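Colleague:
Residue numbers (my numbering): 244 to 322.
(1) Is the beta carbon of residue 299 less than 8 angstroms from the beta carbon of residue 245?
(2) Excluding sequence positions up to five away, which residues of its chain have a Cβ less than 8 angstroms from the Cβ of residue 270?
(3) Residue 301 lies in the alpha helix (DSSP H); which residues open and close that run?
(4) Is the beta carbon of residue 275 closer than 8 angstroms to that of residue 255?
(5) Rounded to the nearest angstrom, what separates residue 295 and residue 317 at their Cα positions?
(6) Determine, using beta carbons only, whether residue 291 and residue 306 come nearer to each other than 8 angstroms.
(7) If you draw a straight line from the C-alpha of residue 293 to the C-alpha of residue 313, how long is it?
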């Protein structure tokens, strides 16, 4: 999931309410570097747009959920 602010938290709440879970949520990614490495609702953001492709490969991510209400760093979509 891309974005760990309020919209990301809301998406995570919706995901956790679905039984059985439609997918396995494994990580967060956010361009706010202060959030990276800090546990947020059971997940630890692993990076930002600069290492998104590496994270996708390492974690074998098949789907991305964008949970961003504000401005989006255009480099995030370039990844």
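Cβ atoms here follow ideal geometry from the backbone N, Cα and C, with glycine treated the same way. Source: prediction; values computed, not measured.
Modeller: On the basis of the data shown:
(1) Mapped onto the chain shown, residue 299 falls at position 56. Mapped onto the chain shown, residue 245 falls at position 2. No; because the gap between Cβ atoms is not below 8 angstroms, this pair is not in contact.
(2) For the purposes of this step, residue 270 is taken as the residue at position 27 of the chain shown. These residues qualify, in order along the chain: 244, 286, 287, 288, 289, 298, 302 and 304.
(3) In the chain shown, counting from the first residue as 1, residue 301 sits at position 58. Run containing residue 301: 295-302, per the alpha helix (DSSP H) assignment.
(4) Taking the first residue of the chain shown as 1, we reach residue 255 at position 12. Taking the first residue of the chain shown as 1, we reach residue 275 at position 32. Contact: no.
(5) Taking the first residue of the chain shown as 1, we reach residue 295 at position 52. Taking the first residue of the chain shown as 1, we reach residue 317 at position 74. Each residue's Cα considered, the two are about 13 angstroms apart.
(6) Here residue 291 refers to the residue found at position 48 of the chain shown. Here residue 306 refers to the residue found at position 63 of the chain shown. No, these two residues do not count as a Cβ contact at 8 angstroms.
(7) As a position in the chain shown, residue 293 is number 50, starting the count at 1. As a position in the chain shown, residue 313 is number 70, starting the count at 1. When the Cα atoms are used, residue 293 and residue 313 turn out to be separated by approximately 19 angstroms.
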